[in-house]
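A short worksheet on the structure shown next.
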Amino acid sequence: MNLYEHTLIVRQDISPSQLKQIQEKYTKLVEEFDGNIVKTENWGLLNLSYLIKKNKKGNYIHFKIKGNGKTISELEKNEKIDKNLLRYLTIKVRQFDLKTNYFGKKEEEKEEKSN
Numbered sequence: 002m003n004l005y006e007h008t009l010i011v012r013q014d015i016s017p018s019q020l021k022q023i024q025e026k027y028t029k030l031v032e033e034f035d036g037n038i039v040k041t042e043n044w045g046l047l048n049l050s051y052l053i054k055k056n057k058k059g060n061y062i063h064f065k066i067k068g069n070g071k072t073i074s075e076l077e078k079n080e081k082i083d084k085n086l087l088r089y090l091t092i093k094v095r096q097f098d099l100k101t102n103y104f105g106k107k108e109e110e111k112e113e114k115s116n
């Protein structure tokens, strides 16, 4: 089994319930093709560097996946036809960094300053 990090950028005008449905849809798809989701991170609504399909912002969802090449190819095949997605990216990694939460630091720093 290979290790992959997979990030989705979803349209900014999508509701939180639709965002959760998209996350569940791709989680089920990975599991259907003999993959395993190790961790899912919802990074929230972030600014894009440039306009993508007339969107200035996007909702980021990040998956850490154990699977094989067929799992990822089926995942990407389904993402190509999904109109709610702006972009997706899959990277093969040697090991997962499960400790660091890159997009949670700002909230933790604010809490420390207020105390």
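So the sequence shown is residues 2 to 116, counted in this note's numbering. No residue lacks a Cβ here, since even glycine has one placed at the ideal position from N, Cα and C.
Identified DSSP bridge partners for residue i
| i | result |
| --- | --- |
| Leu86 | Val11 |
| Asn1 | Outside the modelled stretch of the chain, which goes from 2 to 116, sits residue 1, for which no answer is possible. |
| Glu6 | Lys65, Ile92 |
| Leu47 | Gly59 |
Contacts around residue i, its chain only, beta-carbon distance under 7 Å, and the 5 residues preceding and following it disregarded
| i | result |
| --- | --- |
| Lys3 | Contrary to the premise, residue 3 reads as Asn rather than Lys in this sequence. Cβ neighbours of Asn3 beyond the five flanking positions: Gly68, Asn69, Lys93. |
DSSP state of residue i mapped onto helix, strand, coil
| i | result |
| --- | --- |
| Thr91 | strand |
| Tyr27 | helix |
| Asn69 | coil |
| Ser16 | coil |
When the options are compared against residue i, the one with the closest alpha-carbon
| i | options | result |
| --- | --- | --- |
| Ile62 | Phe97, Thr41, Asn85, Tyr51 | Thr41 |
| Arg12 | Ser74, Lys65, Asn79, Arg88 | Arg88 |
Contacting residues, own chain, Cβ-Cβ under 8 Å from residue i (five flanking each side not counted)
| i | result |
| --- | --- |
| Asn85 | Val11, Arg12, Ile15, Gln19, Ile23 |
The segment 8-21 / the segment 65-75 touching (three or more Cβ pairs under 8 Å) | Touching, no.
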